[in-house]
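**Student:** For the sequence shown, the UniProt record's numbering gives the first residue as 1, with consecutive numbering after it.
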Amino acid sequence: MIHSMTAYARSDVKADWGSASWEIRSVNQRYLETYLRLPEQFRSLEPMLRDRLRKRLARGKVEVNLRFELTENAGDTLQMNEKLAAQLIEKAQHLHTMAGIGQLNLVELMRWPGVLEANEQDMDAIGKELLEKFDETVDHFLEARASEGQALEKMIVERLDGVTEQAAFVRGRMPQIMEWQRQKLNDRLAEVKEEMDPGRIEQEMILLAQKMDVAEEIDRLDTHVAETRKVLKKGGACGRRLDFMMQEFNRESNTLASKSISTDITAAAVELKVLIEQMREQIQNIE
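1. For the ligand FMN, I want to know if I2 counts as a neighbour, meaning its beta carbon is within less than 7 Å of at least one of the ligand's heavy atoms.
2. Below 8 Å CB to CB, which residues in the same chain sit around D135 once its five sequence neighbours on both sides are set aside?
3. Given D222, which residues of its chain have a CB within under 8 Å of its CB, disregarding the five upstream and five downstream residues?
4. Can at least three beta-carbon pairs, one atom from the region 262-273 and one from the region 168-177, be found at a separation below 8 Å?
5. With distances taken from CA atoms, which of R10, A85, V270, K233 is nearest R25?
6. In chain order, what are the residue ranges of uninterrupted beta strand (DSSP E) at least 3 long that sit wholly in the UniProt domain "Endoribonuclease YicC-like N-terminal" (2-153)?
7. Is A118 buried or exposed, if buried means 16 or more other CB atoms sit within 10 Å of its CB?
8. Near E46, which residues of its chain fall below 6 Å by C-beta distance, leaving aside the five closest residues on each side in sequence?
9. From D124 to N105, what does the alpha carbon distance come to, in whole angstroms?
10. In this structure, does DSSP put I276 in helix, strand or coil?
11. Can you look up I265 in the DSSP assignment and give me helix, strand or coil?
12. Going by C-alpha to C-alpha distance, which of E216, A151, I218 sits closest to M279?
13. Please report how far the alpha carbon of S253 lies from the alpha carbon of Q282, in whole angstroms.
14. From the DSSP output, read off the bridge partner residues of I286.
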C-alpha cells in the first residue's frame with residue numbers, strides 16, 4: 001500500500017482536569033520535517049513525539065499542534081495532611097498541658113507548612129494520557145494517508161494503462177508508416193523523372209528506417225510500465241523510486257517525438273507526455 005504525504009487528523013481529550021486536542025497535518029516534502037507547537041508545560045514531550053513520528057513516517061512536512069485547557073479552578077481544592085496535623089496537635093496539646101496555658105489555636109496550626117496544600121494537577125499523569133491520545137491521532141493520520149494513497153494509486157494505474165495503449169498504437173502503426181514513406185520516396189523520384197538503382201533506393205530506405213525505428217523506445221516504455229506497477233504493488237515509501245521512473249518515461253517519450261515523421265506518432269508522443277506529467281504531479285504527493 002502506498003501513502004500520500006498530504007493528510008489531516010484530529011483527536012480530542014476530555015477529562016476531569018480539562019480538555020485537549022491534537023491536530024496533525026502534512027504536505028509533500030522531499031524529506032521528513034516535523035514542526036511541533038506545544039504548550040510550555042508539555043515541552044518535555046517533544047523528543048518523544050519526534051521519535052514516534054520518525055518511526056512511522058518517512059517523508060513529508062508534518063505539523064503537530066496541541067491545544068490544552070485546564071478546567072476552571074481545577075487546582076484550587078485544599079487537601080489536609082492529616083498525619084502531620086495529628087502529630088502537631090498531639091505535640092501542641094502536650095506543650096499546652098506542660099505550660100498550663102490556653103486552648104490550642106487551630107488557625108495557627110493550619111498555617112504550619114505542609115498541613116494544608118493545594119491539590120495541584122499531576123502533569124506527568126496528564127502528559128502520559130496525552131501521549132496515548134497522540135498515538136491514536138497518528139493512527140488516524142496514517143489511515144488518512146493510506147486512503148489518499150489508494151486514490152493516487154488508482155489514478156496512476158489509469159495513466160499507465162493509457163501509456164500502454166499509446167505504445168501499442170505506435171507499434172501497430174509503424175509498418176504502415178514505413179510503407180507510406182517508401183511510396184513517398186518513389187513518388188518524388190517519379191516527379192523528377194530520375195531513375196535510381198533499386199539497390200540504392202533500398203539502401204536509402206534502410207537508413208531512413210533506422211532513423212525512424214522506435215521499437216526500442218516502445219519496448220522500454222512497456223518495461224517502465226511493468227516496473228512502475230511492481231513498485232506500486234510493493235508499496236511502502238516508494239515516492240522517490242516512482243519519481244525516478246517518471247524521468248525514464250520522459251526520456252523515451254522525448255526520443256519518440258524526435259523520431260516522428262507522422263502526425264499520428266507525433267500525437268501519440270504528445271499524449272504520452274500528458275499522461276506522464278499527470279502521473280508525475282501526483283507522485284510528488286506520495287511518501
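Beta carbons are placed, not taken as given, at the ideal position from N, Cα and C, and that holds for glycine.
Just so we're clear, the structure is a prediction, and the values are computed from it rather than from any experiment.
**Tutor:** According to the structure data:
1. In terms of ligand content, the structure shown is empty, and the ligand FMN therefore cannot be addressed.
2. Translated into positions along the sequence shown, residue 135 becomes position 135. Only R52 meet the Cβ criterion.
3. If you number the sequence shown from 1, residue 222 lands on position 222. Only T164, A167 meet the Cβ criterion.
4. Flag = yes, the region 262-273 and the region 168-177 touch.
5. For the purposes of this step, residue 25 is taken as the residue at position 25 of the sequence shown. Cα-wise, what sits closest to R25 is R10.
6. Those beta strand (DSSP E) runs which fall completely within the UniProt domain "Endoribonuclease YicC-like N-terminal" (2-153) and span 3+ residues are 7-15, 18-27, 32-37, 60-70, 78-80, 116-118.
7. For the purposes of this step, residue 118 is taken as the residue at position 118 of the sequence shown. Because the pLDDT at A118 is just 46, under 50, the model does not fix this residue reliably, and the value given afterwards should be weighed accordingly. It is exposed - the Cβ of A118 has fewer than 16 other Cβ atoms within 10 Å.
8. The residue labelled residue 46 in the question sits at position 46 within the sequence shown. Only L36 meet the Cβ criterion.
9. By 1-based counting over the sequence shown, the position of residue 124 is 124. By 1-based counting over the sequence shown, the position of residue 105 is 105. One C-alpha to the other measures close to 37 Å.
10. Taking the first residue of the sequence shown as 1, we reach residue 276 at position 276. When DSSP states are grouped into helix, strand and coil, I276 belongs to the helix group.
11. Mapped onto the sequence shown, residue 265 falls at position 265. Under the three-state reduction of DSSP output, I265 falls in the helix class.
12. For the purposes of this step, residue 279 is taken as residue 279 along the sequence shown, with counting starting at 1. Here the closest residue by C-alpha is A151.
13. Translated into positions along the sequence shown, residue 253 becomes position 253. Translated into positions along the sequence shown, residue 282 becomes position 282. S253 and Q282 have their alpha carbons spaced roughly 19 Å apart.
14. Along the sequence shown, read from residue 1 onward, the residue named residue 286 stands at position 286. Under DSSP, the beta-bridge partners assigned to I286 are S4.
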